[in-house]
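Residue numbers (our numbering): 97 to 403.
All residues carry an ideal CB built from backbone N, CA and C; glycine is no exception.
Only a predicted model underlies this, so the values are computations on that prediction, with no experimental measurement involved.
Comments concern the structure below.
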Ligand code: SF4
């Protein structure tokens with residue numbers, strides 16, 4: 097996949113060594129990659145019987161180019177380029193195309209001036225899939241686990257801790273609570289994270305996320321000194337009337353201002369949901385209108401990472 101400039105808020109670029117995966121947890125129910133690559137384009141068959149497809153040599157050449165341009169990127173941005181790997185697969189999938197993961201590790205070693213963000217739902221596989229030269233590449237790796245609910249937070253954080261208790265840790269440990277499907281208590285995690293990303297689900301079957309779950313995560317991160325990035329509300333957002341915009345006759349809704357006419361369109365959505373009483377009521381308004389504003393602020397925290 098060509099993705100020199102990523103639309104994902106928390107990275108600069110995406111790199112997919114291969115495409116394809118199998119759904120393994122509730123966060124996967126509305127997998128965006130499956131919707132796009134299997135259902136819409138028919139490029140890959142999702143699931144345990146589908147073959148993962150390695151991406152083209154031209155795609156594999158991209159990170160090498162980014163590595164050659166790393167000095168210029170650093171000068172322009174004052175930090176290293178963040179490469180999300182992979183948005184359409186899971187790096188620790190045990191059905192990866194033969195040799196592809198080994199080639200990926202070699203590529204990471206060849207590109208030490210990029211930050212490689214590896215996000216997985218399969219941390220139980222990490223131990224047997226790390227390269228012998230992990231010590232050479234770990235400073236370029238930001239390792240993340242998906243933590244859509246408390247059970248997965250605890251299970252996946254234990255798996256990562258068990259791997260790295262006897263090895264060197266990666267440069268950054270992070271958790272992606274997206275889609276966030278329940279409240280999270282970070283104190284029960286087996287890991288101390290450097291960074292938490294949270295977000296609600298988008299797409300036609302999107303499930304709502306309570307505003308209280310996001311607030312609690314924000315507050316826990318602030319208390320623990322953990323960088324916090326709130327990516328998006330997704331399809332569902334708190335009702336506009338709870339967020340006065342300060343402009344007469346208008347309502348602020350996330351990043352988006354509505355006039356009264358637009359509010360009528362919002363009201364035309366029949367779906368409202370009460371997750372925990374009126375203070376947590378969420379309305380279906382669509383991802384764009386919902387924006388990424390939480391209690392009047394955006395949250396764009398990032399960990400320090402490698403120098
Ligand atoms: S792990 Fe990720 S890519 Fe794989 S099915 Fe789940 S959501 Fe989709």
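Based on DSSP bridge pairs, tell me the residues matched to residue i.
i, result
"residue 272", "242, 293"
"residue 149", "115"
"residue 380", "332"
"residue 396", "325"
"residue 110", "180"
"residue 237", "212"
"residue 390", "393"
Considering just the uninterrupted stretch of the alpha helix (DSSP H) at residue i, what are its terminal residues?
i, result
"residue 327", "First-last for residue 327: 323-328, but that is the beta strand (DSSP E), not the alpha helix (DSSP H)."
"residue 230", "230-233"
"residue 162", "153-164"
"residue 211", "No alpha helix (DSSP H) holds residue 211; the beta strand (DSSP E) holding it covers 210-216."
"residue 204", "196-206"
"residue 135", "Note, residue 135: premise wrong, no alpha helix (DSSP H); not H, not E."
"residue 224", "222-225"
"residue 319", "307-320"
Since residue i and residue j are thought to touch, with beta carbons under 8 Å apart, how far apart are those beta carbons, to the nearest angstrom?
i, j, result
"residue 207", "residue 160", "7 Å"
"residue 304", "residue 123", "Rounded, the Cβ-Cβ distance is 15 Å, inconsistent with contact."
"residue 268", "residue 222", "About 15 Å; that fails the 8 Å criterion."
"residue 295", "residue 330", "6 Å"
Does residue i pass the burial test, meaning 16 or more other C-beta atoms within 10 Å, or should it be called exposed?
i, result
"residue 120", "exposed"
"residue 190", "exposed"
"residue 108", "buried"
"residue 202", "exposed"
"residue 229", "exposed"
"residue 405", "With the chain represented from 97 up to 403, any question about residue 405 goes unanswered, as that position is not in the structure."
"residue 365", "Confidence is the limiting factor: at residue 365 the pLDDT is only 38, short of 50, which leaves the residue's position unreliable and the question unanswerable from this model."
"residue 400", "exposed"
"residue 110", "buried"
"residue 188", "buried"
"residue 180", "buried"
"residue 328", "buried"
In the DSSP assignment, find the beta strand (DSSP E) that holds residue i and state where it starts and stops.
i, result
"residue 178", "177-180"
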